[in-house]
Amino acid sequence: MTTQMQAVRERIQAKWDVKVLATAVLLFLVFITGFAIVQYATPALVGNDGYYHMKMGYLIRTEGIKPDFPYLPYTILNETAYYDHHLLYHVFLGLFATTDPALDGGLALTQGAKLASIVMPSLAFLAIWWLLRGQKVPYAAVWSVSLFAVSEAFLYRMSMPRAQSMSLLLLVLALHWLLQGKYKYLLPLGFVFVWAYNAFPLLIAVAGTYAIATFMLERRIAWQAVVYPAVGIALGLIINPYFPQNIDFIVGHLLPKVGESSTPVGNEWSPYRTWTLVENSGVAFMAVLGGMLALGWREKRIDKSTLTALGLTVLFGYMLFESRRFIEYFPPFALIFFALSAAPILREWLADFGGKRPYLHQLAPVALLLLLAYPLYIGLRDGRELVADSKPADQYADATIWLHDNTPDGTMVFQTDWDDFTRLFFYNTNAVYTAGLDPTFMELEDAALFDRWVDITRGRVEQPGAAIRDEFGAAYVFSDLNHGDFMDEAANDPLLQEVYRDDYAVIYQVGE
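Under this note's numbering, the very last position in the sequence shown is 552; numbers go up by exactly one each time.
#1: Assess contact between the segment 405–423 and the segment 69–86, defined as three or more Cβ pairs (one per stretch) separated by less than 8 Å. Is contact present?
#2: According to the Cβ coordinates, are Pro415 and Ala245 closer than 8 Å?
#3: Could you check what DSSP says for Glu362 in three-state terms: helix, strand or coil?
#4: To the nearest angstrom, report how far apart Phe231 and His125 are at their CA atoms.
#5: In this structure, does DSSP put Gln204 in helix, strand or coil?
#6: Going by DSSP, name the residue or residues bridged to Leu518.
#7: Could you tell me the boundaries of the beta strand (DSSP E) in which Gln537 lies?
#8: Taking the alpha-carbon positions, what's the Phe512 to Met332 distance?
#9: Measuring CB atoms only, is the segment 500–512 touching the segment 430–444, in the sense that at least three cross pairs come out at less than 8 Å?
#10: Give me, in chain order, the residues of the same chain whose beta-carbon lies closer than 6 Å to that of Val539; leave out the 5 immediate sequence neighbours on both sides.
#11: Please name the residue, chosen from Phe325, Tyr98, Leu147 and Pro432, that lies closest to Phe361 on a Cα-to-Cα basis.
#12: Just the Cα atoms here: how many angstroms apart are Gln537 and Gly551?
#13: What residue from Pro113, Phe68 and Leu210 has the CA that sits closest to Leu128's CA?
#14: Between Glu529 and the rest of its own chain, which residues show a CB-CB distance below 8 Å, the 5 nearest in sequence each way excluded?
#15: Can Ala247 and Met206 be called in contact, C-beta distance under 8 Å?
#16: So what does DSSP say about Val318, is it helix, strand or coil?
#17: Between Gly160 and the rest of its own chain, which residues show a CB-CB distance below 6 Å, the 5 nearest in sequence each way excluded?
#18: Who are the Cβ neighbours of Glu368 in its own chain at under 7 Å, not counting the five residues just before and after it?
#19: How would you write the range of the alpha helix (DSSP H) that Thr6 sits in, first residue to last?
#20: Just checking my contact of Tyr91 with Leu85 at CB under 8 Å: how many whole Å lie between their CB atoms?
#21: Exposed or buried, what is Leu69 when buried is set at 16 or more other beta-carbons lying within 10 Å of its beta-carbon?
#22: Can you tell me whether DSSP reads Tyr473 as helix, strand or coil?
#23: Comparing C-alpha positions only, which one of Val494, Gly174, Phe481 and Pro107 sits nearest to Tyr114?
#24: So, does the segment 147–165 touch the segment 346–353, judging by three or more C-beta pairs under 8 Å?
#25: Measuring CB to CB, does Thr138 end up less than 8 Å from Ser430?
#26: I'd like to know if Ala64 contacts chain D, where contact means its C-beta is closer than 8 Å to some C-beta of that chain.
#27: Taking Arg341 as part of the alpha helix (DSSP H), name the residues at either end of that continuous run.
#28: How long is the line joining the alpha carbons of Pro534 and Val494, rounded to whole angstroms?
#29: Taking Gly145 as the reference, which of Phe370, Glu483, Ala487 and Pro432 has the closest Cα?
#30: Excluding the 5 residues flanking Leu408 on each side, which residues of the same chain have their C-beta closer than 7 Å to its C-beta?
#31: Taking Cβ positions, are Trp169 and Ser184 nearer each other than 8 Å?
#32: What whole-angstrom Cβ distance do Tyr223 and Ala265 have, given they're in contact under 8 Å?
#33: Can you tell me which of the three DSSP states His216 falls into?
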């Protein structure tokens, strides 16, 4: 009899495992489809930095885990101090990087980056389903699909070939293991996070929020929840191919963000206007409201998982109001909070009505998806509109390939805009450049040289050719067509000879 019962249990477990696997595969395909709908609204990459990240993936694939980086010699990312703070993400991108853009105009690398930018956020969404399923949230699959409705700005950020989607994946896994009490898993996760993205302090924030929730509800200190990820992070910093440069960079990179530097560091570090945030993430705020209403409806003491999710929603909400770049965290955690808060109510309803009318339990997911159809349509439509507004992938392709074909290796190119570096680097790694990725990187390395660069690029220096040659060692100048004051000075400088121009850029050769 015991043997027969064991066989029955094994058959049930096998069927259950197959069902879970089939659900995971189906959901992954749904997520792939959703992100493909958003991603292919443009043939270009979403955002600007993705061109740098994808080219780094190509260099890692062709040159090894730690390729040389001589490309920004006047910044804190110079050849002796360079630290790849997205290393594992670049390794991931390397799986999709096949062809040097100088050979095909960037077509293969662009398409590879777009595919990678579909796969990684789909994995993050799948992890959220796994988390909700682990907490026995009814209709976890429906909740996870509704992530496409919470915020078009969130979908836009997830569609970038940048590490934030991997960061979300790791944070969701961390929360899952915390709620499961599997603290030891956080040690290797902390190690991986350091190698993947320099937002690894968020792992401590998630663990700390869980520890606070545990103390509030259980009056015990869950020290393992914080110690294990902290040890993993410490090991990831020390056992690192870029140690000790990584420590120097982390300090140098954070200073302009938390200190008093007045240098503009990009739009993503500025906050949204309140109404803009309501427009692009209104459903996420409704999820928070729904979660709070569900807590009141329950008339029971809040459980640890819900309190942790509430704490994280408040934390990421505060961060979002400080900087728009944190839009990648607030909407999904708002939805997680709503799902966990509503789960006990849904379970009660299923127990009351599902037993009497079993067909309701089967029809409920379909009914919920029908209710979500319009919000999902709006989210995907608006996400596509944001993505469709991306700058053309080949904006500087012709100009940069001209530099690649007509200048010797190691040529210093003086560019008039720091954020043009990513596209220049994407198409031409035979040259080196004055500034890129973040203007504070140059300011921190040499403030006087940075100020000189700013003055030249804004047309404040008459006949700037001599300064560009003698102070920056540049043989060529690359400029977009928006720097009219600089171009006026260049036109009056016999040392700056225009050698190339198209609809997007102009190149000058610097005389001796």
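Think of the CB as a built atom: it goes at the ideal place given N, C-alpha and C, for glycine as much as any other residue.
Just so we're clear, the structure is a prediction, and the values are computed from it rather than from any experiment.
Looking at the atomic coordinates:
#1: yes
#2: Going by C-beta atoms, Pro415 is not nearer than 8 Å to Ala245.
#3: helix
#4: 13 Å
#5: helix
#6: Per the sequence shown, residue 518 should be read as Phe rather than Leu. Its beta-bridge partners are Gln455 and Ile547.
#7: Leu536 to Arg541
#8: So the alpha carbons of these two residues sit roughly 58 Å apart.
#9: no
#10: Ile547 and Gln549
#11: For Phe361, the nearest C-alpha among the options comes from Phe325.
#12: 7 Å
#13: Leu210
#14: Cβ within range, chain order: Gly499, Val501, Glu502, Gln503 and Pro504.
#15: no
#16: helix
#17: In the sequence on display, residue 160 carries Met and not Gly. Result list for Met160: Ser205 and Met206, in chain order.
#18: Phe194, Arg197, Met198, Gln204 and Leu208
#19: No statement about residue 6 is possible, as the shown extent of the chain runs from 41 to 552 and does not include it.
#20: 6 Å
#21: exposed
#22: strand
#23: Phe481
#24: no
#25: no
#26: The chain labelled as chain D is not found in the depicted structure, where only one protein chain is given.
#27: Element bounds for Arg341: n/a, residue is neither H nor E.
#28: Each residue's alpha carbon lies about 21 Å from the other.
#29: Pro432
#30: Tyr179 and Val182
#31: yes
#32: 5 Å between Cβ atoms; contact.
#33: Three-state DSSP puts His216 in a helix.
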